[in-house]
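Numbering (the working numbering), first residue to last: 21 to 197.
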């Protein structure tokens with residue numbers, strides 16, 4: 021049993037070292053397909069419950085450890101039951117299309133910080149457009165040659181007449197182009 025464990029550990033070290041040598045998280049352009057989750061805060065949290073959606077994120081290296089990012093997606097936030105003047109109602113789900121560009125800097129081999137700016141478009145009649153900003157942090161786990169699994173978190177704010185904000189989580193598969 022000890023020999024089997026030792027052989028498995030040695031094989032794992034060789035497999036992991038081979039993946040690390042390729043360093044897929046920082047090599048070449050990549051496209052990521054992700055699932056998004058949003059947890060509204062402040063006034064937005066008073067009327068919205070939970071958000072879910074998807075996104076595409078393109079990364080292109082522009083300097084050592086620095087990537088340009090372009091991001092587009094869709095998020096739908098469910099309405100929260102609200103009581104106003106003794107009347108209880110639940111708003112319909114709200115859909116949003118954020119389109120952002122930014123930078124991703126790798127602090128360590130696969131750990132990054134990022135910032136994005138852009139616009140968010142409401143899908144309901146009269147919803148309008150807002151300025152979007154989102155600082156975040158995350159990690160890319162190498163899973164194959166030029167492919168990574170990304171787990172990231174961010175604060176995102178949408179400013180127009182007021183600010184809607186939420187904490188966002190993203191789980192994505194990034195593959196090299």
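Here a beta-carbon is modelled for each residue, glycine too, at the ideal position from N, C-alpha and C.
Keep in mind that this is a model prediction, so the values were computed, not measured.
Going by C-alpha positions, residue 166 is about 12 Å away from residue 52.
Residue nearest to residue 78 within the set 164, 110, 119 and 157 is 119 (criterion: CA-CA distance). Remark: C-beta atoms of residue 137 and residue 122 approach each other more closely than 9 Å. Shown here, residue 62 sits in a helix according to DSSP, grouped into three states. Put simply, of 61, 144, 149 and 181 the residue whose alpha carbon is nearest the alpha carbon of residue 111 is 144. If you ignore the 5 residues before and after residue 69, its C-beta comes within less than 6 Å of the C-beta of 98 and 100, all in its own chain and listed in chain order. In this structure, the CA atom of residue 116 is about 12 Å from the CA atom of residue 56. Each residue's CA atom was taken as its position, placing residue 81 and residue 71 some 30 Å apart. Within the region 117 to 197, the runs of beta strand (DSSP E) at least 3 residues long that lie entirely inside it are, in chain order, 131 to 142, 149 to 164, 167 to 179 and 183 to 196.
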